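Be aware that the sequence shown starts at 19, since it is given in this note's numbering, and climbs by one per residue. Report on one structure; see the data block that follows.
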Amino acid sequence: MAIPRYDEIQLPILNLLSDDQPRKARDMVDLLAPVFNLSEEENLQMYASGNGPIFVDRIQWALSYLNMAGLVQKPRRGIYQISEQGTKILKNPRSLREYVNNKISEREPNKKKDKVKTELSEDLNSDLTPEESLYQSFDGIKKSVYRDILDTILSKTPREFEKLVVILLQKMGYGGEIKNSGEVTQYVNDKGIDGIIREDVLGFGRINIQAKRYAVHNNVPREDIQKFVGALAVAQSDKGVFITTSDFTKGAYQYAESLNSTTKIVLINGDRLAQYIYDFNLGVQPERTIEIKKLDSDFWDFMQDNPE
19 MAIPRYDEIQ LPILNLLSDD QPRKARDMVD LLAPVFNLSE EENLQMYASG NGPIFVDRIQ
79 WALSYLNMAG LVQKPRRGIY QISEQGTKIL KNPRSLREYV NNKISEREPN KKKDKVKTEL
139 SEDLNSDLTP EESLYQSFDG IKKSVYRDIL DTILSKTPRE FEKLVVILLQ KMGYGGEIKN
199 SGEVTQYVND KGIDGIIRED VLGFGRINIQ AKRYAVHNNV PREDIQKFVG ALAVAQSDKG
259 VFITTSDFTK GAYQYAESLN STTKIVLING DRLAQYIYDF NLGVQPERTI EIKKLDSDFW
319 DFMQDNPE
């Protein structure tokens, strides 16, 4: 079974807390997992961003909304217990979503009521937690920039593309601190090599580059990779990077993977190219920084809890 949405976890949480026993969020994980028939792998599945276990995070968001709606209370920090109103809601569980929605809207007195209800309705009917929505929006923005990067590259000359990929590999750390480690070869009669990265001062180690500024759907065939391997042999080099703005055919990928260990060719398609340009800040700049904060447990745990 798929990991449940945070709103789907709210009612099972109230049922779990109906015994009036206080519990920590993490203590609920193993108790709630069987309710949704989650496997151990699903129970421990992490966000791709590395932002912790998905199921734990959704439990915490479910508890946060229940707490804001007054259906659970926190006798101590990080400890949750069902409230009197939460017990009442369990008698009519179908009203849970609407009750939570209305209670949270009441916490926003300075906004127009209809606008708050619309925003909350969209939020609570979403499959994602607010944090997941933020990451998804960020991912969407990045992919939009990736497309802009490729469109911009295609608007430039093939010669400029060759210069670009040499600069990119240097930004990625190839060539190290060697002065003038990157070189774009002569435009005519380049013998199948568009650029060179020198890995040491004397030039014993070299990475040879082939760059193809192709339209998006014009994939690089196997034959082009074979020609590049031949060019590497002539240049007496065993390292090559083939970069394109499009993609490679299945045969091209299979051929590159089948090469013996003495010759290594890395294929970089348009998607990876745009990602590298973005990640290594080549021709892009930050537009806005969003800082997300969470409570500092060490700071708050140092304070004495109210025994009441």
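From the three backbone atoms N, C-alpha and C, an ideal C-beta is built for every residue, glycine too. Being a predicted model, the structure only gives us computed values, none of them experimental.
- Under DSSP, no beta-bridge partner is assigned to Q254.
- Secondary structure note for E201: its beta strand (DSSP E) is the uninterrupted segment 200-202.
- If you look at N226, you'll find it in the beta strand (DSSP E) that goes 224-230.
- Of L186, G200, I225, G70, the smallest CA-CA separation from E150 is found for G70.
- Boundaries for R94: no beta strand (DSSP E) harbours it, and the DSSP string shows neither H nor E there.
- Between T281 and D256, the gap from beta carbon to beta carbon is short of 8 Å.
- For R41, the secondary structure class from DSSP, reduced to helix, strand or coil, is strand.
- The beta carbons of L291 and I261 sit about 6 Å from each other, so the pair counts as a contact at 8 Å.
- Within the same chain, Cβ atoms closer than 8 Å to the Cβ of L277 are found at V247, I283, the five residues on either side in sequence being excluded.
- Between L250 and K209, the alpha-carbon positions lie close to 9 Å from each other.
- Following the DSSP letters along the chain, one finds I21 in no alpha helix (DSSP H), marked with neither H nor E.
- Within 10 angstroms of the beta-carbon of M321 lie fewer than 16 other beta-carbons, which makes it exposed.
- 8 Å or more divides the Cβ of N299 from the Cβ of F266.
- K282 carries a strand assignment under DSSP once its states are collapsed to helix, strand and coil.
- Pairing I215 with L187 gives a Cβ-Cβ distance under 8 Å.
- A straight line joining the alpha-carbon of N119 with that of T263 spans about 47 Å.
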